[in-house]
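Scroll down for the structure; my scribbles are underneath it.
This is how it looks when you write it as structure tokens:
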């Protein structure tokens, strides 16, 4: 009996010692973790060079401390057998209702275990995520410095440059194709101008949609889809014959290319170290203007050549402007092919909690750059990267268990939620300021870009009209016309037994004239009309003279045979075609010097000074338009304005990419770019309606919006020292 009592007492003593030992170990482990955190904070304050050790998993550090404790106290645990360990576990508070996997019962927490997310509030989880994101941002900057800037960034630079070039081409294609497409498809005046507006509206919706989707599905994935939309429908638009179908194809094409700008800059900024962002994002902006130069050069070289066309009967016409549309789709096709060989943004992977995928891409960047430097043996030293835990894991699991429509609804809801977070603290004020700057800069730039060429064409038309020849009361009989009549007005004329064979009427108007027993064969009338005329016993064969060119005219016992269908295009008869394309080419070419200067000075002068200064100077340069009374003067002003405004565009792209956190970067950039396209539509409509009416309103309006936008831009925060949150 005494022996049993002694054994029980000894067992109780041993259990008490074990409990005391475990409590001491747990206390020491917690103290070790807290001490490590305090040491890290001290190192951050006083050390300029941070190490990766502070970003390793804290639980792993705790386990190492615990292992050391176990090694140090091995003497105390010596002699314990398996049965003792099981028995002692019951004294440590392991609940009897615990499941086989060792998980505490509902509502209970095991000693020494972290608190489950299920018992934490949403606010606490969000604070923990914010802390994780801050640590990730600091560590990511150090990782990118270790990866360096080299071959990988330059490869991605040219691939994304092709995508950005496609956006520039799309913008310029609208202006170049508009006159030709509307003429070729016999678009009435009521439908003219819809092409420019509908393409910009498609780009506006596309920027908002694709930008938001890139924050959910990834930069590369969404960019590939959007560029594929653009390439496919841009190619199809070159072959459709109906104007309404052409509008649909160009609208969907614009919708696709709308995602290029927000995703390209969001993608590229996430593989650049902080000291490289300003300069290299500015170099990337150059591809947009290269796209404009490419489009201008191709339009100048292709569209005016009417011989570059073919037809299949009278129903299908493939004119030179359609060849131009196909050629302009080539940069987008090349971008799609090249992008398939590039990886996803590692920063996006890490933000989404995909540690292994992000680590593999970062290792690829490091190894590619090291091989480019001739140091292939250099090892990527990062082992573990801090990744924030997604708060919407439950929503993702629910969406996987429902049908496809529910998943789409869930994703759209998540996109809208992300968009609304762009208007929450602390980025709300920045979003409103950025939207104002994007709108004002785009309104002035696109408005004047429409106004300048139209003013030049208006000056040319006035000069051309001043040389018109007027013929009154003429009487011509038994004469054969086999040459070109150009820029003439014939009033009250009488034409008897005349023959019009293989000739052209170019800007010729017949008013109150009579054609009796006349013969018309292989006649082309370009911008020529017959108003209040009378045709008696006349014969028309293979001409393009139809009801559209016979205004209030009478046809008496006359016949039309094998008339040319559709609107016949004669680009060689367009006196301003070559000149307008050449002017646009010079205007875009003048941007390159400004682009180079802004790239070299972006980090030296600063984003905000360059943004505000460029917009203010652009606004001031508008006042010189008062002296633009000739074509050469207007061309000079166009080049000066484009050269001054490009620095503002570059700075705005850089600031927008840097100012938003990673989880909202595509959404915020897409919204700002959507405001840009909305301003382009309003600018085209506003400034286009003022051509030939007055100079005062366009000059004052452009100056006011540019200067005002520049002053707002100076109120934005300086993002040069930002890490990518």
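Numbering (the numbering used here), first residue to last: 1149 to 1873.
All C-beta atoms in this analysis are idealised placements derived from N, C-alpha and C, irrespective of residue type, glycine included.
- Between residue 1798 and residue 1430, the gap from beta carbon to beta carbon is short of 9 Å.
- If the five residues before and after residue 1769 are omitted, its C-beta is found closer than 8 Å to the C-beta atoms of 1785, 1788, 1789 and 1792, all from its own chain and listed in chain order.
- In the structure shown, residue 1677 adopts extended strand secondary structure according to DSSP, grouped into three states.
- By the criterion of a C-beta distance shorter than 6 Å, residue 1668 is surrounded in its chain by 1648, 1688 and 1691, once the five residues flanking it on both sides are discounted.
- DSSP places residue 1657 in the uninterrupted beta strand (DSSP E) bounded by 1652–1659.
- Comparing alpha-carbon positions, the option among 1804, 1637 and 1393 lying closest to residue 1585 turns out to be 1804.
- As for any alpha helix (DSSP H) of minimum length 4 sitting wholly inside the segment 1547–1622, the runs are 1552–1569 and 1576–1613, ordered along the chain.
- In the three-state reduction of the DSSP assignment, residue 1702 falls in the strand class.
- The Cβ atoms of residue 1370 and residue 1358 lie closer than 9 Å to each other.
- In the same chain as residue 1378, and ignoring 5 residues on each side of it, the C-beta atoms closer than 6 Å to its own belong to 1401, 1404, 1405 and 1480, in chain order.
- Contact between residue 1415 and residue 1313 is ruled out by a C-beta separation of about 15 Å, above the 8 Å threshold.
- With contacts defined as CB atoms closer than 9 Å, residue 1661 and residue 1638 qualify as a contacting pair.
- Going by beta carbons, residue 1315 and residue 1419 fall outside the 9 Å limit.
- Under DSSP, residue 1709 takes part in a beta bridge, and its partners are 1689.
- Between residue 1385 and residue 1319 the beta-carbon gap is near 15 Å, outside 8 Å, which marks them as no contact.
- Two segments are said to touch when three or more pairs of C-beta atoms, one from each, lie closer than 8 Å; by this definition the segment 1729–1742 does not touch the segment 1829–1839.
- Its Cα nearest to that of residue 1532, the residue 1284 stands out among 1302, 1439 and 1284.
- Remark: three or more beta-carbon pairs, one from each stretch, lie closer than 8 Å, so the segment 1556–1573 and the segment 1806–1814 are flagged as touching.
- Contact between residue 1498 and residue 1288 is confirmed by a C-beta separation of about 7 Å, below the 8 Å threshold.
- In this structure, residue 1397 keeps its C-beta atom at 9 Å or more from the C-beta atom of residue 1413.
- Listed in chain order, the non-local C-beta contacts of residue 1362 below 6 Å within the same chain comprise 1370, 1411 and 1814, local neighbours out to five positions each way being set aside.
- Residue 1524 counts as exposed, since fewer than 16 other beta carbons sit within 10 angstroms of its beta carbon.
- Collapsing the DSSP output to three states places residue 1668 in a strand.
- Residue pairing by DSSP places residue 1634 opposite 1654 in a beta bridge.
- In the displayed model, residue 1696 falls within coil according to three-state DSSP, outside both helix and strand.
- In this structure, the straight-line span from the alpha carbon of residue 1663 to that of residue 1702 is close to 10 Å.
- For residue 1682, the uninterrupted beta strand (DSSP E) segment begins and ends at 1682–1684.
- In chain order, 1647 and 1649 place their CB closer than 7 Å to the CB of residue 1628, counting only its own chain and leaving out the 5 sequence neighbours on each side.
- Boundaries cannot be given for residue 1812, as no beta strand (DSSP E) includes it and DSSP labels it neither H nor E.
- In this structure, the beta-carbon distance from residue 1597 to residue 1735 falls below 9 Å.
- For residue 1367, the uninterrupted alpha helix (DSSP H) segment begins and ends at 1367–1385.
- Ranking 1767, 1843, 1577 and 1823 by CA distance to the CA of residue 1353 puts 1823 first.
- Of 1611, 1651, 1282 and 1345, the smallest CA-CA separation from residue 1673 is found for 1651.
- Here the C-alpha atom of residue 1862 lies approximately 34 Å from the C-alpha atom of residue 1300.
- Here residue 1605 is buried, its C-beta having at least 16 other C-beta atoms within 10 Å.
- Residue 1864 sits close to residue 1578, with the two beta carbons spaced by under 9 Å.
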